[in-house]
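Each protein sequence line maps, in turn, to chains A and B. Residues 36 to 104, numbered by my numbering, are exactly what the first sequence covers, in order. Residues 4 to 154, numbered by my numbering, are exactly what the second sequence covers, in order. To keep things clear, I will list the structure first and then write my remarks on it.
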Amino acid sequence: MTHSRLKNRLREERARLDLTQADLAVKAEVSRKTINTVENGVFIPSTDLALKLARALGTTVESIFQLPD
Amino acid sequence: METNRMVEKADVMSRRRAVLLLVAVVVFLGVQLLIRPIHSGPGGESPQRLLNGWAINVIALMLLLVIRLQGGLLNRREIRNLINDDVSREHHREAINGGFWVAMIGAMTVFFLPAFKSYTAREGSYLIVTAAVGFSLLKFCYLEFRAHRDS
Chain A
36 MTHSRLKNRL REERARLDLT QADLAVKAEV SRKTINTVEN GVFIPSTDLA
86 LKLARALGTT VESIFQLPD
Chain B
4 METNRMVEKA DVMSRRRAVL LLVAVVVFLG VQLLIRPIHS GPGGESPQRL
54 LNGWAINVIA LMLLLVIRLQ GGLLNRREIR NLINDDVSRE HHREAINGGF
104 WVAMIGAMTV FFLPAFKSYT AREGSYLIVT AAVGFSLLKF CYLEFRAHRD
154 S
């Protein structure tokens, strides 16, 4: 999903681990609403939220979120 | 698992909050715009109209506080933090920002309105508060519903 200010691969990373949005929300200890809005590019995550998501997916922040070219 | 249940409960409560708030703001706007309980009429500024004005201000303030109450006071702190997470706090900011601009535009409109129609300061305030609070709450509800919509 591409937001005008941030590209994100959250859905792909989640699918790689075969997790639902609710599963990822539980792992990252955030709400499912947060996962949904970040995936859809509606909400740009804060630093700590990005770190929580990366830790929950066992990857790095940079592999999930990138600046647009 | 405990965390699983908390996330599910927070999801449900967050949706419920948006629905209840939408109902409340529709009722609020309905009363304000259709019944207009403080507007001057043959009775002038009667004690009843003054009391209505106070009640409406209290209700408007309570509605604004609802979107700041962290998921209700009856839930555990962890659930409240999930209900009032980054996304909801951002929605709150956007809603309040929008309400501010509506209030400013409303105030400027009210400034020029006496050229066309006379009204009291209370009625002017009533218009501004109704427009700003209504807009803020509707925007908050819209943003929350959008966030809950499945992709």
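Backbone N, C-alpha and C fix where the C-beta goes; we use that ideal spot for every residue, glycine too. Owing to the predicted nature of the structure, the values given are computational and were not obtained by experimental measurement.
When beta bridges are read from the DSSP output, A:N43 appears opposite A:F100.
In the same chain as A:L59, and ignoring 5 residues on each side of it, the C-beta atoms closer than 7 Å to its own belong to R49, I70, A91, in chain order.
Between A:A89 and A:I99, the C-beta spacing is below 8 Å. Scanning B:H94, B:A21, B:N55 for the CA closest to the CA of B:V34 turns up B:N55. Under the Cβ distance rule, A:T69 counts among the residues neighbouring chain B, one pair being separated by less than 8 Å. Between A:T72 and B:V90, the C-beta gap is smaller than 8 Å, which places the two residues in contact. Not flagged as an interface residue toward chain A: B:S121, since no C-beta distance is shorter than 8 Å. In terms of Cβ geometry, B:G127 and B:V136 do not form a close pair [threshold 8 Å]. At least one CB of chain A lies nearer than 8 Å to the CB of B:N7. The beta-carbon of B:E93 is placed less than 8 Å from the nearest beta-carbon of chain A. The alpha-carbon separation between B:M111 and A:T55 amounts to approximately 49 Å. It is roughly 26 Å from the alpha-carbon of B:V10 to the alpha-carbon of B:I99. With the criterion set as a beta carbon lying under 9 Å from some beta carbon of chain A, the members of the segment 7-26 of chain B are N7, M9, V10, E11, A13, D14, S17, R18, in sequence order.
Interface flag for A:F78 against chain B is set, since a Cβ pair is found closer than 8 Å. Pairing A:Q101 with A:K62 gives a Cβ-Cβ distance that is not under 8 Å. Nearest neighbour of B:T133 by Cα position, chosen from B:R149, B:V61, B:D14, turns out to be B:V61. Residues are counted here when their Cβ sits less than 7 Å from a Cβ of chain B; for the segment 46-73 of chain A these are A57, A60, V61, E64, V65, S66, R67, K68, T69, N71, T72, given in chain order. Taken in chain order, the complete alpha helix (DSSP H) segments of 4 or more residues contained in the segment 77-139 of chain B are 80-86, 89-115.
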